[in-house]
Amino acid sequence: MSFWASILVTVCAVVGGETVCSVETCSPHTITLYNRIEMPLVGMGLAGMRGDLTKQSVRMHVEHGFRFFDGAQAKKWYDDVSAGDALQSLIQDGQVQRNDVFLSSKVHPGFLSDVPAAVQEMLQSWHTDVMDLVLLHYPACFSGIRDCQNKPKGDWREAWRALEALVDAGTIRAIGVSNFDLAQLEALWSMARIQPHVVQMWIDPFHQARAEVAFCKAHGAAVFSYSSLGTQWESIVGRNVVWENAVLASIAKKHDSSIPAIVLSYFIQQQIGVVPRSTSLHHVADNAKLLTQVVPLDKHDIASIDDLDGFYDN
Numbered sequence: 492m493s494f495w496a497s498i499l500v501t502v503c504a505v506v507g508g509e510t511v512c513s514v515e516t517c518s519p520h521t522i523t524l525y526n527r528i529e530m531p532l533v534g535m536g537l538a539g540m541r542g543d544l545t546k547q548s549v550r551m552h553v554e555h556g557f558r559f560f561d562g563a564q565a566k567k568w569y570d571d572v573s574a575g576d577a578l579q580s581l582i583q584d585g586q587v588q589r590n591d592v593f594l595s596s597k598v599h600p601g602f603l604s605d606v607p608a609a610v611q612e613m614l615q616s617w618h619t620d621v622m623d624l625v626l627l628h629y630p631a632c633f634s635g636i637r638d639c640q641n642k643p644k645g646d647w648r649e650a651w652r653a654l655e656a657l658v659d660a661g662t663i664r665a666i667g668v669s670n671f672d673l674a675q676l677e678a679l680w681s682m683a684r685i686q687p688h689v690v691q692m693w694i695d696p697f698h699q700a701r702a703e704v705a706f707c708k709a710h711g712a713a714v715f716s717y718s719s720l721g722t723q724w725e726s727i728v729g730r731n732v733v734w735e736n737a738v739l740a741s742i743a744k745k746h747d748s749s750i751p752a753i754v755l756s757y758f759i760q761q762q763i764g765v766v767p768r769s770t771s772l773h774h775v776a777d778n779a780k781l782l783t784q785v786v787p788l789d790k791h792d793i794a795s796i797d798d799l800d801g802f803y804d805n
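If you read the sequence shown in the numbering used here, its first letter stands for residue 492, the second for the next number, and so on.
Structure, rendered in C-alpha cells:
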C-alpha cells in the first residue's frame with residue numbers, strides 16, 4: 492500500500508456511522524512546490540508545547556495520519572528535540588517511514604550569520620541527514636525574541652545565500668522564509684538565486700495578509716499560515732477573537748461543524764497551507780479529517796469570511 496493510500500485508509504474511514512469518503516472519492520491535500528517536491532497542505536504545528544507533551548502530541552498526530560511537522564529552533568516556543576525523538580521512536584517501531592514524513596524547521600534569527608551550524612542542529616534534533624524544508628524564522632532579531640540575547644545576529648541576505656548553498660549540497664530540499672513583510676519579500680526575490688519555495692506568515696480570518704499572499708503566489712511560492720485559528724490576538728486584545736466570532740459560529744452551525752474546521756477549510760480551499768497544533772485527542776481527530784476532506788464552503792460562506800479581514804469584535 493502506498494503512503495498516501497495508507498493515509499486515506501486512516502482518515503477516510505467512518506465518522507459518525509457514515510463513510511466520509513473513500514480512496515476513489517477523495518485525495519490528500521498537497522501542494523507541489525516549483526521544484527516538483529510534493530508537500531502536505533495540512534501539518535502539525537509544534538509551537539507552544541515541550542517535553543513529554545510534545546512527544547505525546549507527535550505520536551497522536553502520526554496515529555491520525557499527519558505526516559508534516561512544522562518546528563523551529565526558537566526554544567522558548569518549540570521543542571524540536573522532543574518531537575524528533577518521538578518521531579524517531581515511531582520510525583524504529585515501524586509505525587511510519589522517514590520517506591513518508593515531511594520535516595520543516597526554522598533558523599533562529601540569532602543564527603543568521605551561522606546557518607550551517609543552525610541546520611546541523613536541526614539534523615541532529617530530527618535524526619535525519621536531510622531537511623525537507625528550512626525557513627528563516629524572522630528577517631532579524633528583535634526584543635520580543637528572548638533567545639536572541641548573546642547570539643550572532645547576521646543578516647537575512649547572507650543567511651539566504653547559506654541556505655542556497657545547502658540546497659546545492661543536498662542537505663535541504665526546499666527553502667523559504669517566515670514573517671517577512673512585503674518589502675522584504677520583494678527584496679528577497681530580487682536577490683535570490685534560488686527563489687523561495689515556501690513563505691509562512693501569520694494569516695487568520697481577521698488578518699489575511701492579502702498583499703503578501705498575492706505576491707508569493709504570483710511569484711510561484713507556496714503560502715503557509717501560522718496562528719490560523721487566532722492565537723495571535725490573545726496577546727494583542729487579550730482574547731481569541733476567531734473562536735468567539737458570530738459570523739464564523741453561524742457558518743459552523745450551518746455545516747454542523749466547528750469554527751476551527753471552517754477556518755482551516757477556508758484557507759485550504761485557497762491552497763494556503765495550515766499547521767494547527769493540539770494536545771487534545773478530540774481536536775487532533777477533528778483536524779485529521781482535513782487531511783483529505785474540507786468543509787464544503789459555498790460562495791456566501793467564503794464572502795462572509797473574506798469580509799472579516801481587517802476587523803474584529805471589540
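Where is the CB? At the ideal position from N, CA and C, for every residue including glycine. Just so it is clear, the structure is predicted and the values come from calculations on it, not from any experiment.
Which of the three DSSP states is assigned to residue i in this structure?
i, result
"residue 697", "coil"
"residue 645", "coil"
"residue 764", "strand"
"residue 758", "helix"
"residue 706", "helix"
"residue 769", "coil"
"residue 637", "helix"
"residue 593", "strand"
"residue 516", "The predicted position of residue 516 is uncertain, since its pLDDT is 37 and thus under 50; no value can be drawn from it."
"residue 566", "coil"
"residue 616", "helix"
"residue 787", "coil"
"residue 575", "helix"
"residue 675", "helix"
"residue 749", "coil"
Within its chain, find whatever has a CB closer than 8 Å to the CB of residue i; leave out the 5 residues flanking it on each side and keep chain order.
i, result
"residue 628", "563, 564, 565, 597, 598, 599, 600, 669, 670"
"residue 515", "Any answer about residue 515 is weak, because its pLDDT of 35 lies below 50 and its placement is not dependable; what the coordinates show is given next. Taken in chain order, the list of residues that qualify is empty."
"residue 520", "531, 532, 533, 759, 781, 782, 783, 785"
"residue 545", "537, 570, 573, 574, 577"
"residue 523", "529, 530"
To which residues of the same chain is residue i closer than 7 Å at the C-beta, ignoring the five residues directly before and after it?
i, result
"residue 582", "588, 589"
"residue 760", "785, 788"
"residue 748", "786"
"residue 623", "593, 594, 595, 664, 665"
"residue 839", "Shown here, the chain extends from 492 to 805; a query on residue 839 therefore has no answer."
"residue 722", "731"
Could you tell me which residues DSSP pairs with residue i in its beta bridges?
i, result
"residue 669", "691"
"residue 531", "521"
"residue 717", "693"
"residue 663", "622"
"residue 536", "561"
"residue 598", "627"
Taking the alpha carbon of residue i as the point to measure from, which residue in the options has its own alpha carbon closest?
i, options, result
"residue 652", "638, 640, 667", "667"
"residue 718", "712, 711, 726", "726"
"residue 658", "612, 621, 570", "621"
"residue 791", "777, 742, 568", "742"
"residue 755", "679, 535, 570", "535"
"residue 672", "689, 664, 663, 700", "700"
"residue 728", "635, 802, 559", "802"
"residue 569", "616, 605, 611", "616"
"residue 574", "543, 557, 585", "543"
"residue 702", "520, 768, 676", "676"
"residue 735", "715, 799, 707, 690", "799"
"residue 797", "730, 695, 740", "695"
"residue 593", "771, 682, 711, 766", "766"
"residue 686", "715, 692, 655", "655"
"residue 660", "607, 633, 678, 645", "607"
"residue 618", "637, 744, 572, 635", "572"
"residue 682", "605, 693, 650", "650"
"residue 635", "764, 567, 763", "567"
"residue 553", "538, 540, 577, 541", "577"
"residue 586", "549, 779, 712, 613", "549"
"residue 762", "690, 678, 680", "690"
"residue 711", "539, 680, 662, 579", "680"
"residue 611", "707, 662, 626", "662"
"residue 625", "646, 637, 580, 560", "560"
"residue 733", "706, 753, 580", "753"
Residues in its own chain within less than 6 Å of residue i by CB, not counting five upstream and five downstream?
i, result
"residue 551", "775"
"residue 795", "738"
"residue 698", "none"
"residue 602", "609"
"residue 793", "none"
So residue i is in the alpha helix (DSSP H); what residue range does that whole segment cover?
i, result
"residue 775", "772–779"
"residue 724", "723–728"
"residue 554", "542–554"
"residue 603", "Note, residue 603: premise wrong, no alpha helix (DSSP H); not H, not E."
"residue 741", "737–745"
Between which two residues does the beta strand (DSSP E) harbouring residue i extend?
i, result
"residue 623", "622–627"
Report yes or no: is there a C-beta of chain D within less than 8 Å of the C-beta of residue i?
i, result
"residue 750", "Of the chains in the structure shown, none is chain D; there is only one protein chain."
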